[in-house]
Amino acid sequence: MAIPEVMCFGDGHFHHVIFGLGPYIANYEEQALLACIIQNWCPKCLALQGNLDQDALSQCWEHTEALVEEFGIKSLWDEYGIVGQLEPFTNDFP
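At position 29 of the sequence shown (counting the first as 1) the number is 828 in the numbering used here, and the numbers step up by one without a gap.
In structure tokens, the structure reads:
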């Protein structure tokens, strides 16, 4: 999945394509697990579970990595809404 293939599109142009993730359709629980977040936690910001409407800083992989290195799996799950034993599929995105 990490090695792109060169494909000719209908307009005659060639593009690099990575297959596998795009057509993946899942229910909410599977989508949350793929993002390595716990259900009812915000995947975009650091808002607390009980107050998702508050202003909060954006999520970033550096912050998540620091939390995973510092805290245990139970603490990550309960206090930060992070699945600590998995690596998110977006971890290596730019």
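All C-beta atoms in this analysis are idealised placements derived from N, C-alpha and C, irrespective of residue type, glycine included.
Computed from a predicted structure; not experimentally measured.
Please return the same chain residues whose Cβ sits closer than 6 Å to the Cβ of residue i, not counting the five positions on each side in sequence.
{"i": "A846", "result": "Q853, A855"}
{"i": "E829", "result": "none"}
Judging by CA-CA distance, which residue of the options is the nearest neighbour of residue i?
{"i": "E886", "options": "G849, A831, E878", "result": "A831"}
{"i": "C859", "options": "G849, F818, I817, C841", "result": "C841"}
{"i": "I837", "options": "E804, Q884, N890", "result": "Q884"}
{"i": "Y879", "options": "N839, N890, C807", "result": "N839"}
Let me confirm a value: residue i is counted as buried when at least 16 other C-beta atoms fall within 10 Å, else exposed. Which label applies?
{"i": "I872", "result": "exposed"}
{"i": "L851", "result": "exposed"}
Would you please state the rounded distance, in angstroms, between the beta carbons of residue i and residue j? I believe it to be under 8 Å.
{"i": "I881", "j": "C835", "result": "6 Å"}
Within a Cβ cutoff of 8 Å, which residues of the same chain sit near residue i, ignoring the five residues on either side of it in sequence?
{"i": "V805", "result": "F813, H814, H815, V816"}
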